Structure formats: C-alpha cells, structure tokens
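Colleague: In this note's numbering, the protein residues as written are 23 to 318.
The following block contains the structure:
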C-alpha cells in the first residue's frame with residue numbers, strides 16, 4: 023500500500039497529473055456513460071437532409087457529418103470503440119508480457135529465457151505500426167484483430183521492464199527466505215516478487231494505453247480497424263479528410279479528442295513514473311528549470 027499511497031499523493035500534488043487524470047476520466051465517462059443515453063443509430067444512420075450542419079445549427083451541439091450523422095453521437099460511440107480497443111490492447115500485451123518477464127528474470131541463466139528475450143528484442147526493434155499491420159493483414163480488419171495486433175506489439179515493453187524488475191529483486195532477502203522455507207518457484211514469483219514490481223508495470227500500462235489508443239486510431243485511419251458505418255476516431259478522421267478545408271471541424275473534433283486522451287494518459291504515466299522513481303522527477307525539473315524544455 024506504500025507505493026499506492028505515494029502515487030496518489032504525487033498525483034494530488036502535481037497539477038499536470040491532475041489535469042491528465044481529469045482528461046482521461048472525462049472521456050471515459052463521456053464515452054461509456056454517454057453511450058447509455060445516446061442511441062447507437064444516431065452515430066450510424068444517415069440523414070442527408072441534415073448533412074454538413076455546423077456546430078450549434080438546428081439543435082446539434084457539434085454539427086453533423088457529410089451523411090447527416092450527429093457528430094456528438096459519433097464522438098461518443100467512436101471514443102467508446104477507441105478506448106475499448108486501446109485498453110483491451112494494453113491488457114492483451116500486459117498479461118503475456120509480465121509472465122514472460124517474470125520467468126525470464128527469475129530463470130535468467132536458462133537458454134530458453136535468453137532465446138525468448140532475444141525474440142522480444144526483435145519484436146521491439148520492429149515499428150509497432152508495422153507489426154500491427156502484419157497481424158491485421160493475417161487476421162483481417164476488425165476490432166478484435168486490431169486489439170490483438172496492438173497487444174502483440176506491446177508485449178516486448180512489458181516483458182523487458184518486468185524482467186529488469188525481477189532481476190533486481192531475485193537476490194532480495196525475502197526472496198531467499200521464500201526459497202529457504204521450501205516454497206515452489208511459482209509461489210515465490212507470484213506471492214513475493216510480482217506484488218513488489220507492480221508499480222513499474224502500472225506505469226508502463228498507463229503509457230502503453232495512451233499509445234495503444236493512438237495506434238488503434240492510426241490503423242483505423244488506414245482502414246484496418248472497425249469498418250463503416252461504425253464510428254471510431256481514426257476512421258472518422260479518414261472519412262472527413264476530403265472536407266478538411268470546407269468543413270475542418272469534421273477532422274478537428276475527433277483529432278482533438280484523440281490528442282487530449284493520449285496526452286492525458288502520457289501525463290499520468292509520466293507523473294506515476296516520477297512518483298515511483300523521484301530521481302527521474304528531479305532530472306525532469308532540473309531540465310525544465312534550465313530552460314531546455316517548457317512545463318510538461
């Protein structure tokens with residue numbers, strides 16, 4: 023509980039972290055809660071008599087698109103798809119990645135462990151978007167395919183950070199004590215080591231969740247995600263790019279939503295990392311005070 027309390031205290035004392043947390047929570051509540059109020063048909067059913075309305079016209083808060091579909095409804099349902107795909111992808115990457123890292127760190131002398139981590143290095147060297155395209159090309163476009171594709175691309179980052187943390191704790195007194203009393207390796211790993219390395223894993227999850235949402239929208243922009251008439255922020259940007267100069271709000275609204283969600287996750291992840299390793303926070307503050315970068 024010490025790490026959790028320190029993380030909460032760090033977020034409460036960091037205005038940037040509070041702003042990032044607010045942005046993330048706002049969009050989660052808007053997209054998941056709004057979907058209970060706004061019917062899905064409002065986001066998918068064309069109504070050409072209402073096409074290309076500007077924000078505020080005829081009672082529409084954000085206007086309509088080229089097919090007369092309400093933009094607010096599409097932002098809500100599109101955000102729901104983007105958030106679900108992004109968070110599902112991060113979970114699909116975290117579960118196998120943490121398991122691989124645990125065993126690779128605990129049995130670091132094993133040739134199997136070495137071979138597995140070399141495979142992780144190869145996957146890590148590949149651009150995530152390219153790896154995602156390869157997986158989706160094999161499985162076909164769709165929400166499950168894109169979630170799995172992004173999940174596979176995040177496995178190496180979880181595996182590496184978990185392995186490094188496990189290696190650091192493998193010789194700890196409480197780990198040696200667990201071995202000395204005859205506990206199985208699985209008990210030592212999951213009862214004693216894993217709970218003590220959750221903090222960096224949570225940080226990695228937060229950072230990867232934001233990147234997964236961005237990557238999901240990127241793949242959807244390329245036509246590899248949910249298919250029309252479904253709403254998804256990347257798909258909305260792709261469909262509206264031909265109207266960029268005549269009706270820029272069709273691109274700007276989903277683009278800004280994507281920007282704020284991704285930025286929110288990244289800021290929260292940054293703050294969590296600073297809370298877990300205060301030395302990183304001191305370095306960041308020193309750089310900012312030297313005028314090399316602006317405030318976060």
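Where is the CB? At the ideal position from N, CA and C, for every residue including glycine. Since the model is a prediction, treat every value here as computed from it, not as a measurement.
Counting only the same chain and skipping the five closest in sequence on each side, list residues whose C-beta sits under 7 Å from that of residue 211.
Modeller: Around residue 211, the same chain offers 124, 128 as residues with beta carbons nearer than 7 Å, after the five sequence neighbours per side are excluded.
Colleague: Going by DSSP, what residues sit across from residue 92 in a beta bridge?
Modeller: 86
Colleague: Once DSSP output is grouped into helix, strand and coil, what is the label at residue 215?
Modeller: Residue 215: helix per DSSP, three-state reduction.
Colleague: Within a Cβ cutoff of 7 Å, which residues of the same chain sit near residue 22, ignoring the five residues on either side of it in sequence?
Modeller: A query on residue 22 cannot be resolved here, the shown segment of the chain reaching from 23 to 318 and no further.
Colleague: Taking Cβ positions, are residue 85 and residue 70 nearer each other than 7 Å?
Modeller: no
Colleague: Comparing alpha-carbon positions, which option in 151, 232, 182 lies nearest residue 142?
Modeller: 182
Colleague: What is the DSSP secondary structure of residue 132, reduced to helix, strand or coil?
Modeller: coil
Colleague: What would DSSP say about residue 197, mapped onto helix, strand or coil?
Modeller: Residue 197 falls in the helix class under three-state DSSP.
Colleague: How big is the Cα-Cα spacing for residue 64 and residue 278?
Modeller: 21 Å
Colleague: Taking all protein chains shown into account, decide if residue 287 is buried (16 or more other Cβ within 10 angstroms of its Cβ) or exposed.
Modeller: buried
Colleague: Under the rule that 16 or more other beta-carbon atoms within 10 Å means buried, what is residue 203, buried or exposed?
Modeller: For residue 203, the number of other beta carbons within 10 angstroms of its own is below 16, and it is reported as exposed.
Colleague: Could you check which residue in 262, 167, 227, 68 has the C-alpha nearest to that of residue 243?
Modeller: 262
Colleague: Leaving out five residues before and five after residue 42 in sequence, what residues of the same chain have Cβ atoms less than 6 Å from its Cβ?
Modeller: 286, 289, 290
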